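2 protein chains.
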Amino acid sequence: MRSEALKGHLDVLILAVVADRPRHGYAIIEDLKQRSGGSLDLPEGTVYPALHRLEAAGFLSSAWGTETGRRRRVYELTRRGRRELGVRRSEWRAFSRAVEAVLGSRMTQVPSVLATPDGGPRRA
Amino acid sequence: MRSEALKGHLDVLILAVVADRPRHGYAIIEDLKQRSGGSLDLPEGTVYPALHRLEAAGFLSSAWGTETGRRRRVYELTRRGRRELGVRRSEWRAFSRAVEAVLGSRMTQVPSVLATPDGGPRRA
DNA sequence: CGTTGACACCCAGCAACGCTAGGTATAGGA
DNA sequence: TCCTATACCTAGCGTTGCTGGGTGTCAACG
């Protein structure tokens, strides 16, 4: 998966995972990978700065937890974060629908049995 | 629609529109707007540089056409461009599916009648 | 006991991308 | 004549995710 694809959509993914239940950064990375069937395998250098950004924006709050001996910063959604998740969800749906509309539409309607996977001409 | 949402997905949109039939830049902008029901209303400063990028990458070829008295640069897909469109289409589907999987999944299954739009707790 | 690997966090600097805000120019209608 | 729509262009900016480095703990293996 092209890395630029994620741009602008990372926040909603993180908010959605944390909304489920408070989590620490490393667990968020693993959950994203697991839930997406392995296709969202994000580097730490992507996720940690994003978490700081979301906390600075007031969408997450964090606290250190050291139950396991290892230090962990555990994040949870703020009220504003929960509201933001709703907004971002709708924005994702709208964007996704718009892209599908463009990718799916044809000016010249083609019977599906004749259509090639990419909408291109069938050669020979 | 948050402008960062588009990042990384503009190319496939343009390729899809041009694949339909050769078009000039201004028409591409209008088609994107029309096909998306108005939600993809991209500024020229976004589309023209993208067209140059796609041509430099070998996915589009262009020629000046002056039929209407106004100069127009008309773009069409190259063979590589058509192949690339197929690749980008699949990448979009994969990405879209991954995001939906994350946004849609719940660790604790909630009966749909009780679920709030954003997956958050129902207050009061 | 040293090393390896998983866990868990952090950050500076980079590259890519879309947008802003400006510019040029033609055609047609008020 | 002026305005709007059409039609193109680009320098510079801000945001964002990633690379590549770093710190430290813990468990398992040889």
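Chains as they are written, first to last, in the numbering used here: chain H, 1 to 124; chain B, 1001 to 1124.
A virtual CB, placed ideally from N, CA and C, is assigned to each residue, including glycine.
Please read these numbers as outputs of a predicted model, since none were measured by experiment.
At a cut-off of 9 Å between beta carbons, residue 51 of chain H makes no contact with chain B. The contact set of residue 37 of chain H on chain B, defined by CB atoms closer than 9 Å, consists of 1097, 1098, 1101 in chain order.
Judged by beta-carbon spacing, residue 98 of chain H lies within the 9 Å limit of residue 1001 of chain B, meaning their Cβ atoms are closer than that value. The shortest CA-to-CA distance from residue 91 of chain H to any of H:80, H:8, H:4 is the one to H:8. In this structure, the straight-line span from the alpha carbon of residue 1083 of chain B to that of residue 30 of chain H is close to 33 Å. Contacts between residue 1004 of chain B and chain H, judged by CB atoms closer than 8 Å, involve 7, 8 in chain order. For residue 54 of chain H, there are no neighbours in chain B by C-beta distance under 9 Å, as the nearest C-beta there is about 14 Å away. Considering only H:66, H:103, H:11, H:85, the residue with the shortest C-alpha distance to residue 52 of chain H is H:11. Between residue 58 of chain H and the set H:74, H:78, H:49, the nearest pair of CA atoms involves H:78. For the stretch 1032–1117 of chain B, the continuous beta strand (DSSP E) assignments of 3+ residues that do not extend past its boundaries occur at 1060–1065, 1072–1077, in sequence order. Per the DSSP secondary-structure output, residue 1023 of chain B pairs in a beta bridge with B:1075. Straight through space, the alpha carbons of residue 102 of chain H and residue 36 of chain H are spaced by roughly 24 Å. Within its own chain, the residues whose Cβ lies closer than 6 Å to the Cβ of residue 1041 of chain B, once the five positions on either side in sequence are excluded, are 1033, listed in chain order.
Note that the C-beta distance between residue 1047 of chain B and residue 1063 of chain B is not below 9 Å. Taking the C-beta atoms as reference points, residue 54 of chain H is found no nearer than 9 Å to residue 1095 of chain B.
Residue H:60 holds the alpha-carbon nearest to the alpha-carbon of residue 22 of chain H among H:85, H:60, H:70.
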